[in-house]
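So the sequence lines, in the order shown, correspond to chains A and B. Mapping the first sequence onto our numbering, position 84 (from 1) lands on 84, and the numbers just tick up by one. Mapping the second sequence onto our numbering, position 77 (from 1) lands on 1077, and the numbers just tick up by one.
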Amino acid sequence: MQNVLVYAGADQGALTKSAREALGAGRRLADALGATLAAVVVAADTDALAQEAIACGADRVYAVANPILSEYQPDLWVAALEAAARAASPDVVLITGDTAGKELAPRLAFRLRAGILTEVSAVAVEGGTVRWTRPVYGGKAMAVYTAKGPVVIGLRARMHDPAAPAEGRRGEVVRVELSVSPELAATRIVEKIQQALGGVRLEDARIIVAGGRGIGGPEGFKDLEALARDLGGAVGASRAACDAGWVSASLQIGQTGATVAPDLYIAIGISGASQHLAGITGAKTVIAINKDPDAPIFKRATLGVVADYKTVLPHLHAELKRILGK
Amino acid sequence: MDPATKRPVQGSAKLVMDSYAEYALEVAIQLKEKHPGSKVVAICVGDKPTDDVLRRAYALTADEAVRVWDPAWADLDSQAVAHILARTIQKLGGADLVLTGREAGDIERGVVGPTLAEELGCACATIVARVEAVEGGTAVVRREVDGGYALVSTRLPAVLTITNDETNVPRLPKVKDLMMAARKPITTLGAADLDLDPARLASPLELVDLYIPVQEGQCEIIEGDDGPAKAAALARRLHELKLV
Ligand SMILES: Cc1cc2nc3c(=O)[nH]c(=O)nc-3n(C[C@H](O)[C@H](O)[C@H](O)COP(=O)(O)OP(=O)(O)OC[C@H]3O[C@@H](n4cnc5c(N)ncnc54)[C@H](O)[C@@H]3O)c2cc1C
Ligand SMILES: Nc1ncnc2c1ncn2[C@@H]1O[C@H](COP(=O)(O)O)[C@@H](O)[C@H]1O
Chain A
1 MQNVLVYAGA
11 DQGALTKSAR
21 EALGAGRRLA
31 DALGATLAAV
41 VVAADTDALA
51 QEAIACGADR
61 VYAVANPILS
71 EYQPDLWVAA
81 LEAAARAASP
91 DVVLITGDTA
101 GKELAPRLAF
111 RLRAGILTEV
121 SAVAVEGGTV
131 RWTRPVYGGK
141 AMAVYTAKGP
151 VVIGLRARMH
161 DPAAPAEGRR
171 GEVVRVELSV
181 SPELAATRIV
191 EKIQQALGGV
201 RLEDARIIVA
211 GGRGIGGPEG
221 FKDLEALARD
231 LGGAVGASRA
241 ACDAGWVSAS
251 LQIGQTGATV
261 APDLYIAIGI
271 SGASQHLAGI
281 TGAKTVIAIN
291 KDPDAPIFKR
301 ATLGVVADYK
311 TVLPHLHAEL
321 KRILGK
Chain B
1001 MDPATKRPVQ
1011 GSAKLVMDSY
1021 AEYALEVAIQ
1031 LKEKHPGSKV
1041 VAICVGDKPT
1051 DDVLRRAYAL
1061 TADEAVRVWD
1071 PAWADLDSQA
1081 VAHILARTIQ
1091 KLGGADLVLT
1101 GREAGDIERG
1111 VVGPTLAEEL
1121 GCACATIVAR
1131 VEAVEGGTAV
1141 VRREVDGGYA
1151 LVSTRLPAVL
1161 TITNDETNVP
1171 RLPKVKDLMM
1181 AARKPITTLG
1191 AADLDLDPAR
1201 LASPLELVDL
1211 YIPVQEGQCE
1221 IIEGDDGPAK
1231 AAALARRLHE
1241 LKLV
């Protein structure tokens, strides 16, 4: 028997999408192992979250409630997760693949003297042993690991089917006491700044027009923006374009940028480095415009145009506008 | 990749500094320029060829370089590296700020930074794009969060894991600094110099398989005499495939 514990992170009173992905992965793992699934929720008031976690597949919820936990502060959250893990004594802790989960997982592993594996994209059980798969070397290879003891698993975002809440599921709620002082929060979030609104959020966009170093400067990105606007989509970029300062770093797509899953991804002047492709594994159709016929992006693309993008983009924009009746 | 050992084969490739560690070094150098009297020490856990990486740090004007290695070490994982780095930093007398990359470019674990903070018992801020200010025992940093960014204040000493930003693109070394770097001494430390816990050096995970996934997909190249012709053909295909 193995105990599986999932950290079910929340935002504004509801479980996050990545929490539901973790619960989905946790439920499937617990079923394959014949184990029970425990979840931990952390908040000032955990009642609704605990019920939501149960609806999403948890058999037991460790609820760490304390007025001090009204807003995410990493040091307090690590303490809360540690308290819950001490109560649950899990063999496996699954942690959501968002930015909070990324910092919580290694710190929790240290405190529990457990191993850690991050960016896990697939979970399989063979003969009672869990095999954890994750991409390595910028997504060029896949590595499969087994754990020799207790392990904290950081899940890769958007790789695990989220749990669909089922009304009427039953579970047990266990309260976990946490005595901490505000002093413990050595690192505090003082201000949260959301990305400029007005456009479509990159992560939600159905169509993305993305540019790379081949765009050549900030002016070129204005043309990409105009096309994206007319298509009802968003603009994205490679790390090279962000580093050049042509666009904000918040537009970066890839392993260390946004993970996107649009229906249509138009990559312009992007070579298609594996770290960039890691962010678009969920894209349905990829179109590449690149002047180098050997650019790796063409291996990922469905349709490709080999040309200097400057000779193509204005006409493409005009043609698409005509087709869309704009 | 060696199919038997499931390890990457270096071949004739040279070792380079980890991509995000280079951004972290750039942040450190900028802080040094802003706060005269501070010192940047580059530390690498690695065998002799890793000296190249530390020479690069010297060329980018780090003040000191320390290489930590022991012949008994092989296949250290990130938790082990963090343990060794923590003991090294303590041995060197500590630091106000410890900067690492957000994740390494080979196996992107993102484990060393946060684990190092736990090992040192100090504050930790991750995925930091900018250090806005360091003053009176606190640092104010700008970090990425889902859907935007946040200003975060963190008590010193602290570990920051650095991500790329237009403000920290690694500079190109000056020719003069490159030449000086070749002559600067690299301090070496081994297991005997550090108060290590052997239990933390053993990996709790076992690599059971490593493979290269097959690339699927066939790309249809749009033909045409010139840009406008290709553009028109692409637009037509996009419309036919109901993609727009
Ligand atoms: C740990 C790690 C994490 C990383 N994370 C990310 C990440 O999240 N996202 C990311 O994007 N990168 C990431 N990178 C960087 C990545 O490896 C590549 O360096 C980067 O994606 C390259 O960007 P690019 O394709 O725009 O530039 P380049 O590789 O320089 O490609 C530019 C392309 O534009 C083409 N081109 C040039 N001029 C024109 C023109 N006029 N018309 C048409 N085509 C033209 C060229 O043929 C070329 O293919 C990461 C790297 C590491 C080590
Ligand atoms: N062997 C090492 N020596 C020094 N620093 C390292 C070493 N391995 C990793 N790091 C640092 O830790 C960061 C994150 O690595 P990782 O947690 O392995 O993804 C890197 O960007 C480096 O700054």
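Every residue gets a Cβ at the ideal spot worked out from N, C-alpha and C, and that includes glycine. All of these numbers come straight from a predicted model, not from anything done at the bench.
What residues match up with residue i in a beta bridge as DSSP calls it?
i, result
"LYS192 of chain A", "B:ALA1150"
"TRP246 of chain A", "DSSP output for TRP246 of chain A lists no bridge partner at all."
"MET142 of chain A", "A:PRO135, B:TYR1211"
"ASP329 of chain A", "Since the first residue of chain A shown is 1 and the last is 326, residue 329 of chain A is not available in this structure."
"THR1167 of chain B", "Answer is none; THR1167 of chain B lacks a bridge partner."
"ALA164 of chain A", "In DSSP, ALA164 of chain A forms no bridge with anything."
"THR187 of chain A", "B:THR1154"
If you draw a straight line from the alpha carbon of residue i to that of residue j, how long is it in whole angstroms?
i, j, result
"GLY232 of chain A", "GLU319 of chain A", "16 Å"
"LEU1085 of chain B", "VAL1045 of chain B", "7 Å"
"SER89 of chain A", "TYR1058 of chain B", "46 Å"
"ALA19 of chain A", "GLU1144 of chain B", "19 Å"
"VAL190 of chain A", "SER70 of chain A", "14 Å"
"THR1167 of chain B", "ALA30 of chain A", "45 Å"
"LYS299 of chain A", "PRO162 of chain A", "29 Å"
"ALA1129 of chain B", "VAL1152 of chain B", "11 Å"
"ALA22 of chain A", "PRO1173 of chain B", "44 Å"
"GLU1240 of chain B", "GLY272 of chain A", "25 Å"
"THR1188 of chain B", "ALA83 of chain A", "40 Å"
"ALA25 of chain A", "HIS160 of chain A", "6 Å"
"ARG170 of chain A", "VAL40 of chain A", "16 Å"
"PRO150 of chain A", "ALA1004 of chain B", "28 Å"
"TRP246 of chain A", "ILE289 of chain A", "19 Å"
"PHE110 of chain A", "GLY325 of chain A", "58 Å"
"ILE208 of chain A", "ALA228 of chain A", "7 Å"
"GLY139 of chain A", "LEU251 of chain A", "20 Å"
Report all residues from its chain with a CB closer than 7 Å to the CB of residue i; omit the five preceding and five following residues, and keep chain order.
i, result
"ARG1155 of chain B", "ALA1123, GLY1137, THR1138"
"ILE280 of chain A", "ILE253, VAL260, TYR265, VAL286"
"GLY321 of chain A", "In the sequence on display, residue 321 of chain A carries Lys and not Gly. Hits under 7 Å: ASP230."
"LEU1054 of chain B", "ALA1042, CYS1044, ALA1065, ARG1067, ILE1186"
"ALA283 of chain A", "VAL260, ALA261, PRO262, TYR265"
"ALA1072 of chain B", "ALA1191"
"GLY13 of chain A", "ALA48"
"ALA32 of chain A", "VAL125"
"ARG1237 of chain B", "ILE1222"
Might you give, ordered along the chain, the residues of its own chain that have their beta carbon closer than 6 Å to the beta carbon of residue i, omitting 5 neighbours on each side?
i, result
"ALA1117 of chain B", "CYS1124, VAL1159"
"SER1078 of chain B", "ARG1109, VAL1111, VAL1112"
"ASP308 of chain A", "LYS291"
"LYS1032 of chain B", "SER1038, VAL1040"
"ALA80 of chain A", "VAL42, VAL64, LEU178"
"LEU15 of chain A", "ALA8, GLU52"
"GLU225 of chain A", "VAL235"
"ALA50 of chain A", "VAL41, VAL61, ALA63, VAL173"
"THR46 of chain A", "ALA63, ALA65"
Excluding sequence positions up to five away, which residues of its chain have a Cβ less than 8 Å from the Cβ of residue i?
i, result
"ASP1106 of chain B", "PRO1008, ASP1018"
"ALA1233 of chain B", "ILE1222, GLU1223, GLY1224"
"ASP75 of chain A", "LEU184, ALA185, ALA186, THR187"
"THR1050 of chain B", "LEU1015, CYS1044, ARG1067, TRP1069"
"ASP1075 of chain B", "SER1203"
"ARG131 of chain A", "VAL123, ALA124, VAL125, VAL144, TYR145, THR146"
"ARG1200 of chain B", "GLN1079, ALA1080, HIS1083"
Kindly list, in the order they appear in chain D, the residues whose Cβ is closer than 7 Å to that of residue i.
i, result
"GLU319 of chain A", "Of the protein chains in the structure, A and B, none is chain D."
The region 54 to 83 of chain A: positions lying closer than 8 Å to chain B by Cβ: PRO74, ASP75
Residues in the region 1001 to 1012 of chain B having any Cβ partner in chain A nearer than 9 Å: MET1001, LYS1006, PRO1008
Near-chain A residues of the region 1126 to 1145 of chain B (beta-carbon distance less than 7 Å), N- to C-terminal order: Per Cβ criterion, the list reads THR1126, ILE1127, ALA1129, GLU1144, VAL1145.
Ranges of the beta strand (DSSP E) found wholly within the region 44 to 130 of chain A, counting only runs of at least 3: Listed in chain order, they are 60 to 65, 92 to 95, 115 to 120, 122 to 126.
Within 7 Å of chain A by C-beta, residues of the region 1205 to 1226 of chain B in sequence order: LEU1205, GLU1206, LEU1207, VAL1208, ASP1209, LEU1210, TYR1211, ILE1212, PRO1213, GLN1215, GLY1217, CYS1219, GLU1220, ILE1221, ILE1222, ASP1226
Chain-ordered residues of the region 85 to 107 of chain A with a beta carbon less than 9 Å from chain B: Listed by position, the residues of the region 85 to 107 of chain A near chain B (Cβ gap below 9 Å) are ASP98, THR99, ALA100, LYS102, GLU103, LEU104, ALA105, PRO106, ARG107.
Sequence ranges, beta strand (DSSP E) only - wholly within the region 1172 to 1213 of chain B, length at least 3: 1187 to 1189, 1205 to 1211
Beta strand (DSSP E) segments (min. 3 residues) lying fully within the region 1100 to 1142 of chain B: Restricting attention to beta strand (DSSP E) runs no shorter than 3 residues, the region 1100 to 1142 of chain B encloses them at 1123 to 1135, ordered along the chain.
Within the region 1027 to 1110 of chain B, ranges of the alpha helix (DSSP H) (whole runs, at least 4 residues): 1051 to 1059, 1078 to 1091
Uninterrupted beta strand (DSSP E) stretches inside the region 253 to 310 of chain A (no shorter than 3 residues): 264 to 268, 285 to 290, 303 to 306
Interface residues of the region 176 to 196 of chain A facing chain B [CB-CB below 7 Å]: ALA186, THR187, ARG188, ILE189, VAL190, GLU191, LYS192, ILE193, GLN194, GLN195
Members of the region 267 to 286 of chain A that neighbour chain B once the beta carbon cut-off is set at 7 Å: THR285
Interface residues of the region 227 to 246 of chain A facing chain B [CB-CB below 8 Å]: LEU231, ARG239, CYS242, ASP243, ALA244, GLY245
Interfacial residues, the region 1163 to 1187 of chain B to chain A, with Cβ spacing under 7 Å: THR1163, ASN1164, ASP1165, GLU1166, VAL1169
Near-chain A residues of the region 1056 to 1084 of chain B (beta-carbon distance less than 7 Å), N- to C-terminal order: GLN1079
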